[in-house]
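Trainee: Residue numbers (the UniProt record's numbering), protein chains in the order written: chain A, 1 to 239; chain B, 1 to 239. Below you'll find the structure I mean.
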DNA sequence: TGCAAAAGGATTGTCAACAATCATCGAGAA
DNA sequence: TTCTCGATGATTGTTGACAATCCTTTTGCA
């Protein structure tokens with residue numbers, strides 16, 4: 001679900017969703033300058049609604065606007081991703097602890113069914129993380145909803161999740177992580193069933209910090225290989 | 001400090017700061033409809049910049065905008081304040097734990113000096129919480145900065161603190177809470193000096209949850225007395 | 001040849017008018 | 001009397017043009 005159902009609304013809203021998708025998928029690359037006139041013409045709208053859309057994107061931290069200097073797509077460097085996962089660990093941990101005491105039995109049951117559906121999809125597609133990725137957001141989103149804390153829900157769903165999707169789109173090959181993640185999700189649901197908020201928070205924090213550790217290590221390898229190829233090509237080309 | 005120094009910038013920015021102040025001080029009351037044309041004329045600007053200002057205020061959760069229905073000042077009901085303090089406890093607790101390992105000795109020293117200055121002001125004015133209130137924000141703001149987590153800093157300083165100021169402006173008579181709060185601040189600094197992140201987080205969380213408990217009890221009394229006067233007037237007026 | 005300053009172009013900020021949508025009020029019929 | 005439907009007014013969404021600001025390039029001077 002994740003609030004992508006009806007792009008019908010004001011022109012600014014539809015432009016906002018289109019821009020969001022373009023940034024997450026990499027169609028608009030990091031650090032790229034966003035020209036208002038060009039984008040407005042491209043989407044067939046005036047500059048007014050487009051500026052409103054850019055403001056919304058700024059709220060989601062997908063673009064950074066500087067007065068008189070325009071808007072640029074955010075650059076997801078390692079430091080920012082580390083900050084993001086640290087904040088996410090704190091917020092989702094809290095959401096999980098609160099949800100353990102506030103979710104209804106029916107909601108927890110639905111959550112378990114969701115996991116079983118994920119398991120089926122994983123077994124069927126055998127590695128097609130793509131559907132699973134969105135499903136993972138569904139899982140975390142449902143828990144956020146279960147906290148019954150509207151401010152927390154807004155922060156997670158409205159501001160952080162888009163950035164997370166952007167992170168994942170880049171680091172999309174961590175299929176090794178899928179099955180352990182599913183198992184961790186199951187344990188979290190178990191803790192929710194037991195109404196053990198403390199345990200649920202600990203498991204969620206471990207789940208998220210583990211995900212970050214995995215991504216971080218992958219970025220290390222990525223960076224190393226890049227450095228190697230760089231030095232090699234530099235040595236090879238000579239100049 | 002708290003970034004209120006130079007309202008000079010784009011027209012939208014100055015309108016944003018003026019509107020923020022007007023909402024926090026209660027000049028614009030809760031739930032009030034914000035007419036774009038009226039406000040624009042009142043501030044001597046066009047509707048474009050004013051809409052931008054409203055969008056910024058929406059980001060700070062000071063107003064709620066609904067498409068085709070306009071913007072209204074947020075209504076700080078008890079549930080929302082509870083949500084706010086719960087999120088704040090998680091975020092500032094995390095900030096405190098991280099700051100314990102990342103702040104420099106000089107920064108922690110400055111923090112201690114800040115507390116001594118607060119103590120002097122409290123003793124001098126003897127209950128003038130007003131300057132102390134901003135000083136309190138300075139304390140928490142400095143710790144947020146000490147976390148070196150830009151996303152966390154943005155969330156706390158840019159989005160939550162204005163709402164907190166709004167809360168305080170309403171519940172401005174809790175002078176009994178000042179001295180204990182100062183003492184708690186001192187203990188937090190002690191934990192920072194000892195580089196004990198876990199203890200620092202626990203102390204900060206206790207500090208915040210205590211503040212919420214105090215406000216909550218005060219609202220209970222407030223509500224009770226309101227209910228009494230309401231029933232009494234209802235009974236008296238007869239009708 | 002290198003640097004600095006000014007002119008030019010491009011981009012953003014701002015404004016006023018137009019169109020679309022929603023809320024309110026009143027009239028008419030059951 | 002009450003409910004529904006329609007018209008009117010007000011408010012928001014949108015557009016295009018104008019003004020202010022910044023970046024780039026070019027020209028002049030050391």
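Think of the CB as a built atom: it goes at the ideal place given N, C-alpha and C, for glycine as much as any other residue.
1) Cβ of residue 60 of chain A less than 7 Å from any chain B Cβ?
2) When you compare the CB of residue 162 of chain B with every CB in chain A, is at least one pair closer than 7 Å?
3) Using a Cβ-Cβ cut-off of 7 Å, state whether residue 73 of chain A counts as contacting chain B.
4) To which residues of the same chain is residue 320 of chain B closer than 7 Å at the C-beta, ignoring the five residues directly before and after it?
5) Using 8 Å for Cβ pairs, my map puts residue 149 of chain B next to residue 87 of chain A. What's the rounded Cβ distance?
6) How is residue 193 of chain A classed by DSSP in three states: helix, strand or coil?
7) Establish whether the CB of residue 150 of chain A and some CB of chain B are separated by less than 7 Å.
8) Say yes only if the C-beta of residue 44 of chain A is nearer than 6 Å to one or more non-hydrogen atoms of the ligand FAD, and no if none qualify.
9) Quick one, which residues of the stretch 9–28 of chain B are near chain A if we go by CB-CB under 7 Å, in chain order?
10) Using the DSSP secondary-structure output, state which residues sit across from residue 178 of chain A in a beta bridge.
11) In or out: residue 146 of chain A buried (at least 16 other Cβ within 10 Å) or exposed?
12) Can you pull the chain A neighbours of residue 91 of chain B, defined as C-beta to C-beta under 8 Å?
13) Looking only at its chain, what residues have a beta carbon closer than 6 Å to the beta carbon of residue 24 of chain A, apart from the 5 residues adjacent to it on each side?
14) If you drop the 5 nearest sequence neighbours on each side, which residues of the same chain put their C-beta closer than 8 Å to that of residue 239 of chain B?
15) Contact defined as beta carbons within less than 8 Å: I believe residue 121 of chain B pairs with residue 109 of chain B. What is the distance between those atoms, to the nearest angstrom?
16) Does residue 105 of chain A pass the burial test, meaning 16 or more other C-beta atoms within 10 Å, or should it be called exposed?
17) Using a Cβ-Cβ cut-off of 7 Å, state whether residue 83 of chain B counts as contacting chain A.
18) Any beta carbon from chain B within less than 7 Å of residue 94 of chain A's own beta carbon?
19) Quick one: what's got a C-beta closer than 8 Å to residue 82 of chain B's C-beta in the same chain, skipping five residues either side?
20) Just to make sure I have the definition right: I need the residues of chain A whose C-beta is within less than 9 Å of the C-beta of residue 198 of chain B. Which are they?
21) Starting from the C-beta of residue 119 of chain B, find all residues in its chain whose C-beta is less than 8 Å away, skip the five residues before and the five after it, and write them out in chain order.
22) If we ignore side chains and look at the alpha-carbon of each, how far apart do residue 93 of chain A and residue 37 of chain B end up?
23) Quick one: which chain A residues come within Cβ less than 7 Å of residue 67 of chain B?
24) Exposed or buried, which one is residue 113 of chain B when buried takes at least 16 other CB atoms within 10 Å?
25) How should residue 179 of chain A be labelled, buried or exposed, when 16 other C-beta atoms within 10 angstroms of its C-beta is the threshold for buried?
26) Excluding the 5 residues flanking residue 51 of chain A on each side, which residues of the same chain have their C-beta closer than 7 Å to its C-beta?
27) Does any residue of chain B have a CB that is nearer than 7 Å to the CB of residue 55 of chain A?
28) Under 7 Å between the Cβ atoms of residue 97 of chain A and residue 194 of chain A?
29) Just the chain A side, please: which residues come within less than 9 Å of residue 52 of chain B by C-beta, in chain order?
30) Check the DSSP bridge columns for residue 33 of chain A and list the partner residues they point to.
31) Throw me the rounded Cβ distance for the residue 60 of chain A and residue 184 of chain A pair, which I believe falls under 8 Å.
32) Helix, strand or coil for residue 45 of chain B per DSSP?
33) Would you mind reading off the limits of the alpha helix (DSSP H) that contains residue 112 of chain B?
34) I need the straight-line Cα distance from residue 4 of chain B to residue 115 of chain B, nearest angstrom please.
Mentor: Per the coordinate set shown:
1) no
2) no
3) no
4) Residue 320 of chain B cannot be examined here, being either before or after the span of chain B that is shown, 1 to 239.
5) 7 Å
6) In the structure shown, residue 193 of chain A falls within a helical segment according to DSSP collapsed to helix, strand and coil.
7) yes
8) For the structure depicted, the ligand FAD is absent and the ligand set is empty, with no information on it obtainable.
9) 9 and 10
10) DSSP lists no partner for residue 178 of chain A.
11) Looking at its Cβ environment, which holds 16 or more other Cβ atoms inside 10 Å, residue 146 of chain A is buried.
12) 87, 90 and 91
13) 165, 166 and 169
14) With a pLDDT of 31 at residue 239 of chain B, under the threshold of 50, the predicted position of this residue should be treated as unreliable, though the coordinate-derived value follows. Cβ neighbours of residue 239 of chain B beyond the five flanking positions: none.
15) That pair is no contact at about 19 Å.
16) exposed
17) yes
18) Answer yes: the Cβ-Cβ gap between residue 94 of chain A and chain B drops below 7 Å somewhere.
19) 212 and 216
20) Those do not exist, as residue 198 of chain B stays about 14 Å from chain A at its closest Cβ, beyond 9 Å.
21) Excluding sequence neighbours, residue 119 of chain B sits near 182.
22) When rounded, the distance between both Cα atoms is 44 Å.
23) Going along chain A in sequence order, the residues near residue 67 of chain B (Cβ under 7 Å) are 9 and 10.
24) By the neighbour-count rule (16 or more Cβ atoms within 10 Å), residue 113 of chain B is not buried but exposed.
25) For residue 179 of chain A, the number of other beta carbons within 10 angstroms of its own is below 16, and it is reported as exposed.
26) 36
27) yes
28) no
29) 51, 52 and 55
30) A:72
31) With 8 Å as the limit, residue 60 of chain A and residue 184 of chain A do not qualify as a contact, their Cβ atoms being about 27 Å apart.
32) coil
33) 105–125
34) Residue placement at residue 4 of chain B is poorly supported in this model, since its pLDDT is 34, which falls under 50; the coordinates still yield a value, given next. Roughly 21 Å separates the two Cα atoms.
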